[in-house]
Amino acid sequence: MPDPRRPAPAALLSDTHPPTLLARVDAWDLAVSDGPVIATAIHDGHALRPSLRERVKLDDDARFREEDPLTSLLAQVGDARLRVRQSRFEVDLNRPRAEAIYTGPEACWGLDVWKTPLDDAERAISLELYDRFYDMVGELIDRTVARWGSVLLVDIHSYNHRRDGADAAPSSQDDNPDIELGITTLDPDRWGDTAKRFANVLRRHPVRGALPDVRCNVRFPSGGHFPEWVYAHWGDKVCTISPEYKKIFMDEWSGRADIPALYALRDGLQHAVDAVRPEFLR
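Just so you know, the sequence shown maps onto residues 19 to 300 in this note's numbering.
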């Protein structure tokens with residue numbers, strides 16, 4: 019059910035029926051067409067508002083390495099496609115509100131983010147963005163559930179596997195699948211078989227001539243705050259699958275993209291979405 023703490027938001031979408039409505043605000047892009055699949059890339063963004071750029075201690079390369087660049091291209095598989103443009107270093111939308119602003123190295127991979135701690139005014143601006151995001155997504159899910167009865171939410175992320183340096187060996191494949199599916203925040207009785215079909219389809223679509231290693235809940239025992247919030251409020255009406263793509267589609271140190279690999283991953287994801295889509299159609 020919707021969060022009772024949220025005020026009734028202004029209309030997100032017009033009640034007219036254009037084939038697609040594109041909404042752009044300062045912090046995210048949202049494209050919506052009629053269908054039950056919502057795809058999100060909430061860590062894709064790199065932008066910081068000007069007042070934070072003056073305070074941040076990290077250089078652009080260090081920030082970029084910990085963000086999820088290019089995941090918005092994978093989000094093209096959704097009927098509704100949401101890409102957040104602001105960096106997770108401004109506000110992390112996949113953490114609880116009290117932890118959404120990184121305060122020190124212990125909160126973000128040992129990185130020293132700020133030259134000086136943020137004051138209350140700067141924190142308030144970031145948290146206002148956080149609240150607007152959750153209001154907007156809440157309305158989007160409400161409307162999609164009302165239209166279709168249930169929703170497939172594909173919550174897309176990526177992760178690093180060369181943390182020891184650009185010239186060091188990558189992390190072991192044993193603990194680092196090419197695609198990890200977070201499926202801890204879905205109702206297993208209703209959607210467990212759906213998640214299995216989704217994973218099996220992903221495994222059948224090669225990337226650079228090899229079938230991807232796809233496993234569930236290996237590196238990340240929970241899906242983060244965002245899918246947990248969705249499950250808490252909509253329960254079995256929303257099937258949330260959180261793909262975590264190992265950065266085999268780019269060099270995480272130089273930032274250079276492997277475009278054929280990225281397109282192959284997107285095509286595999288599209289096939290997986292198409293395979294389970296009928297389960298969400300009334």
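Heads up, the beta-carbon is just placed ideally off N, CA and C, and yes, glycines get one too.
- Nearest Cα to P245 within the set R150, Y263, L199: L199.
- In the pairwise beta carbon analysis, the segment 138-146 is classified as not touching the segment 155-167: fewer than three pairs are separated by under 8 angstroms.
- Nearest Cα to Y263 within the set Y249, A228, T89: T89.
- Between E270 and N194, the C-beta spacing is not below 9 angstroms.
- Under DSSP, V248 shares a beta bridge with no residue.
- Residue L280 holds the alpha-carbon nearest to the alpha-carbon of P230 among L280, S272, W209.
- Taking a 10 Å sphere around the C-beta of D86, we find 16 or more other C-beta atoms and assign the residue as buried.
- Of the residues assessed, L299 falls on the exposed side of the cut-off, its CB having fewer than 16 other CB atoms within 10 angstroms.
- Minimum Cα-Cα distance from D149 among the listed residues L283, I119, Q94, R161 corresponds to I119.
- Judged by DSSP in its simplified three-state form, D173 adopts strand.
- Cα atoms of G63 and K214: separation of roughly 30 angstroms, rounded to the nearest angstrom.
- Excluding the 5 residues flanking it on each side, Q104 has same chain C-beta neighbours closer than 6 angstroms at A45, G63, A65, in chain order.
- Listed in chain order, the non-local C-beta contacts of E297 below 6 angstroms within the same chain comprise T212, local neighbours out to five positions each way being set aside.
- Distance from D47 to R101 at the Cβ level is roughly 5 angstroms; contact confirmed, criterion being Cβ atoms closer than 8 angstroms.
- The continuous alpha helix (DSSP H) containing I143 extends over residues 138-166.
- The beta-bridge partner set that DSSP reports for R233 consists of E198.
- Taking the Cα positions, Q288 is about 42 angstroms away from P135.
- Its chain contains G253, D254 as the residues whose beta carbon lies nearer than 7 angstroms to that of D205, once the 5 sequence neighbours on both sides are disregarded; these appear in chain order.
- If you look at P239, you'll find it isn't in any beta strand (DSSP E); DSSP assigns it neither H nor E.
- DSSP lists V169 as the bridge partner or partners of V256.
- Pairing E108 with R67 gives a Cβ-Cβ distance under 9 angstroms.
- Sequence-distant Cβ neighbours of A282 in its own chain, meaning closer than 6 angstroms and more than five residues away, are V225.
- If you ignore the 5 residues before and after D130, its C-beta comes within less than 6 angstroms of the C-beta of K75, P123, all in its own chain and listed in chain order.
- Residue state for I277 is assigned as helix, using DSSP reduced to three classes.
- Contact between V55 and V172 holds: CB atoms are separated by about 7 angstroms, below the 8 angstroms threshold.
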